[in-house]
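A short worksheet on the structure shown next.
Residue numbers (the working numbering), protein chains in the order written: chain A, 1 to 355; chain B, 356 to 710; chain C, 711 to 1065; chain D, 1066 to 1420.
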């Protein structure tokens, strides 16, 4: 990272008690540039500490340093330099705007602002240039120091990362993705055990629409003022399966120009990008890991690859209907949520937008 | 059924101790036209009764009437009028031929003969006219009384049944199917619990090829001598999920002629065919049940619809890449295996081929 | 049953939309003496039909006859002869009293009145004579036609049924039970999938206390006016495991007089009681099924024994610390809840207390 | 550790391809005193490398350093200073003796020699003085340099560690333990998914006997020549539950002298022993972690405590039948198998028995 001072930035977490909020805290433990100084959750009256307020559900203990932080309501009075947000969709939109207006950079995993034309929907490996929207956003909204940067939906990010090198090398005309998504994606308490034991749920509210709309924005072109959607058609069918962490997507793609199976494999396996060049702290050495075993990727075995920040692709083959097919997997609460936002913040530091 | 005498036919079951063999026995309990008189399993030396030889894994007790039947090796000396087979693929091919040659009709769930050009790959609701192959088969193979009739792979059958009414009404150009298949499809012991708990396996050996090749044969046209494959392209990606029974398929289709969403739904919901007209004993009142709730079909809630013989279709919607998409579910060891073969036998009685 | 007229009694169900309420409706479908005429659930404003109000979660369809019944609030204006209750504990106590006061017999699966000294805690096979409390209860509470009869907690009932024949034959001094309980016991949504996937929860609120206190009441002696608790010590440790239906209990017992292993097995296997003599409609032929395989009972294979009304006992052996040990299993929403209450009602008809 | 030279000892692993063998390799990666130089598995003809021979089933990649090691048959020609063994029970007994006879210290997780009177059944925190048996063993068996040291069964170790501080402080008269054990305890493929999904298996072959016999040996007194079993009665009922890693035991104990709840809690929480004093590399800071939340320990949340080497105890309470009850949890393939053997080896180094 290029920041010379290496002062740690003080971080506030909005939605700190939820599944993704807990991941933020876990991933920020020991982070070289960030230290958690403020925690907020919806519907909190001041007074309770995080240790009292949060039912910690991740393996391992709640980090000591956050236990005594008093959980506040998500209003822009927090003692921090910027905020990560994983607030529930119903309240995230307004709360995040109030933080941005008050001068806080808002780096959010929540959905309300993802499709705003002046808000970057950022995957550092895929569309770092979309950060050019920040000045536009500030001008349009009258923000001075603050801004909003979003990361995609947890299943979109897996699909978009796998499509990015194919788009770059061959162009992508269309993509058909069928997801098998983990229960942690629904938060806590989330999916009832009676619904998912010995079962699959062939429906996740809003998910198919998010994948179909977000992907073309992410893979679109930034003309400085706005994003021009990528010209590709995306079809998503989403299913919830009985897996704790790790979203799997069975994908078919139609390419714009012809490519051999080896070329497709190589484009995926060789993919590297800005976060790797900048050696961002949370950037995996390989954003995409290609596995050649017939039965990989598997959620339980591969979700933690690259400390949960790599997407694993396997079963690459020619397809009878579109051109190629493969299976892609990513950790939905790390690369698909908290880790995504943290990597976004690291890129923003490197770009001089966060200090 | 049209047979006037109503004498019960004496049934032998090859592969009687496996998961599908047990389903045969369970489903034939109380059947009006069949009674189980012989049981065989591979690698058996004579002597053990079914009660001693079989570790019964279905809920409910092993039926009394089979407990004392001695399990024999699968050679054509069995005391029965015809056989159902669910022998392992490695030995089924040869064993079934030896039975047919010895004069036994062989109605099999095993895979080796499915793609033989002179063997019907039968779904009574979809291609009953493929039984016209039987005389050809007998002539070609020199069988006198015997013959071989197969049913499709357990996931193929779900997909082919859902495609049949669409093909009939609108034509189908291509189909992309992604399956989430139950562990019972792999037999017993089958899938190791360490492989599937908190996990999905994105690979089932040979399954994608079976769906892609079997479907076009099933939906093909019989010219009396052979089957002309349907002109449609099929793409299958198969996954194993942590579900006991019930294969789910997320399907997209491209139709040959345009159709409205209502027309597509109606074609599926109104589908009825020969087994319903003949009121075959195991035929469900509705071969396809369309559900309009956003989150159905689900394996645990819908697999037993029509006593496990109906396919349930839901989430029908326009697709961004192909024309329509939907989710289809069938019980893999009933409609997808033992029940399929029994319905085949019932149709063969009605057609005068089994007596 | 002894009632000569065989008029069907009109049944109201309180808590009709919950997991147990749905079981009531499923089990009463086709019942010869009961027909559901009224449905109630807490917090309902009049107007919605059961089909609109209830998210049906049992395999199979919601029965047609209840779909159009309007769900009312649980106040004693319901159009019925008596009520089954599975209301949530917080509101059941008061609501049930108001029904009894208004003249309705209340046959409840809810917990608030179980330990009331004048209320029978009934298992028809175990303590039918506890119904002698009804006149006492009416006198004490000023009920004219109404009364309250309860059934035990879903895990208590499994343990108490297994202890009953041992107590009868040998006396029981103490019992140590460790339960492994199904998720359906917690209702819907109940246990979060994130809590139980790849996990066991070693705590179920209030459950250990219920087993320890209810068991000695059930096995106690009714002196006409009240119940004298059985003189035995009960220890319960309760765990939630990832099973849909079926509570398993690992049990050790210390007997008052010595008994051989064969005698213990025979006492359990030969157990039969009043409901079997009266041939009550829901009474299983064998209240306790003893299995001798080393690995039974298992929830998935044995929970539906006796249509869910039998308790299955296995692994009977001498114990190093107490005298004997065994494993007992019962279906928690049938024998442990809705089926228990229905059997109670059938006994009450036979006793002339319900007409 | 006290060894001054700090030369790394060269380790051979017998049973290297199994579930426990893979844990050995994972845990030895980066170990300061051990380096893996030889791998063996039963039924291997020489020639295949570990990468070719082993289907790696742990999350994360197979360590690079072992990939190219050729897997040999388990005969005492291995290039190493001593061996860890997790061979299958059927062949472990003889193979391990042949290694000891050939001069190799054998530190084994396998069961055949555990109950041999001259073989230590070692838990370093509980009975380090049992290593005094080694000279006796050598003399009796004519071993010169070699010997056999065993660690207990994976569920015994959890129970014995929890009993040790109670025995030390108050004496233990009897213990009733009911286990809920993880599927990894059965190896791979081990438990069939059809057996454990939506199910509990109330039987694990030989497990109850192992707990009952091993515990009194572990807690027994070494008189230099042999072990005098502890005078306490142990009762074990063992169940398999749908959990990947982590054995849970619901325990009741009767103490020899009276103790308050606080004293019992404190005895467990304050427990520390030789490995902690010697600061052995794999010794957890706290061998027993007491948790006071009502719903802990839970396998998924607590199995990795102390890097899988701590036993977590919770729900400590007075019991109605015996004196106290609690729930104990340990990681069955780390503290209960590979980690146990490694800690044994570290103690043997410290004692000068391994160099």
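Glycine residues also receive a C-beta, built at the ideal position from the N, C-alpha and C atoms.
Runs of the alpha helix (DSSP H) spanning 4 or more residues and lying entirely within the stretch 1067-1133 of chain D occur at 1084-1093, 1115-1118, 1129-1132, in chain order. Note that the C-beta distance between residue 1328 (chain D) and residue 1236 (chain D) is not below 7 Å. Rounded to the nearest angstrom, the Cβ distance from residue 1076 (chain D) to residue 1164 (chain D) is 13 Å, too far for a contact under 8 Å. Distance between residue 889 (chain C) and residue 726 (chain C), taken at the CA atoms: about 27 Å. By the CB criterion at 7 Å, residue 1223 (chain D) and residue 1376 (chain D) fall inside the cutoff. Residue 914 (chain C) and residue 314 (chain A) have their C-alpha atoms some 42 Å from each other. The C-beta of residue 943 (chain C) comes closer than 7 Å to at least one C-beta of chain D. Residue-level contact by beta carbon holds for residue 301 (chain A) and chain D, with a gap shorter than 7 Å. Per the DSSP secondary-structure output, residue 180 (chain A) pairs in a beta bridge with A:239, A:248. Residue 624 (chain B) is a Cβ neighbour of residue 645 (chain B), given a cutoff of 7 Å. With 16 or more other Cβ atoms from the protein chains shown falling within 10 Å of its own Cβ, residue 1275 (chain D) counts as buried. For residue 141 (chain A), the enclosing alpha helix (DSSP H) covers residues 133-141.
Shortest Cα-Cα distance from residue 118 (chain A) to any of A:133, A:104, A:129 involves A:133.
Contact annotation: in the stretch 441-468 of chain B, no residue has its CB less than 8 Å from a CB in chain A.
Per DSSP, residue 321 (chain A) lies in no beta strand (DSSP E) and is assigned neither H nor E.
According to the DSSP assignment, residue 83 (chain A) belongs to the beta strand (DSSP E) that extends over 82-85. In this structure, residue 1394 (chain D) sits near residue 1313 (chain D), with a CB-CB distance shorter than 7 Å.
Close to chain A, meaning a Cβ-Cβ distance shorter than 9 Å, are the following residues of the stretch 1368-1382 of chain D: 1368, 1369, 1370. Annotation: the continuous beta strand (DSSP E) that includes residue 818 (chain C) extends over 815-818.
Distance between residue 799 (chain C) and residue 519 (chain B), taken at the CA atoms: about 51 Å.
Secondary structure of residue 286 (chain A) (DSSP, three-state): coil.
Within the model, the alpha-carbon separation for residue 596 (chain B) versus residue 182 (chain A) is close to 12 Å. Counting the other CB atoms within 10 Å of its CB gives residue 484 (chain B) a total below 16, which places it among the exposed residues. The three-state reading of DSSP puts residue 879 (chain C) in helix, counting H, G and I together.
Of the candidates C:846, C:955, C:835, C:989, the residue whose Cα lies closest to the Cα of residue 998 (chain C) is C:835. At a beta-carbon threshold of 9 Å, the residues of chain C lying near residue 553 (chain B) are 907, 908, ordered along the chain.
Using a Cβ-Cβ cut-off of 7 Å, residue 174 (chain A) is close to 676 of chain B, given in chain order. For residue 557 (chain B), the nearest beta carbon of chain A is closer than 7 Å to its own beta carbon. Residue 228 (chain A) is classed as exposed because its beta carbon has fewer than 16 other beta carbons within 10 Å across all chains shown. Secondary structure at residue 75 (chain A): coil, using DSSP grouped into helix, strand and coil. With the criterion set as a beta carbon lying under 9 Å from some beta carbon of chain C, the members of the stretch 1313-1325 of chain D are 1313, 1315, 1316, 1317, 1319, in sequence order. The beta carbon of residue 418 (chain B) sits no closer than 7 Å to any beta carbon of chain C. Counted as a single uninterrupted DSSP element, the alpha helix (DSSP H) harbouring residue 925 (chain C) occupies residues 917-928. Per DSSP, the unbroken beta strand (DSSP E) holding residue 1214 (chain D) starts and ends at 1212-1215.
Taking 7 Å as the threshold, the shortest C-beta distance from residue 1356 (chain D) to chain C does not fall below it. A residue is called buried when at least 16 other Cβ atoms come within 10 angstroms of its Cβ; residue 894 (chain C) meets this threshold and is buried.
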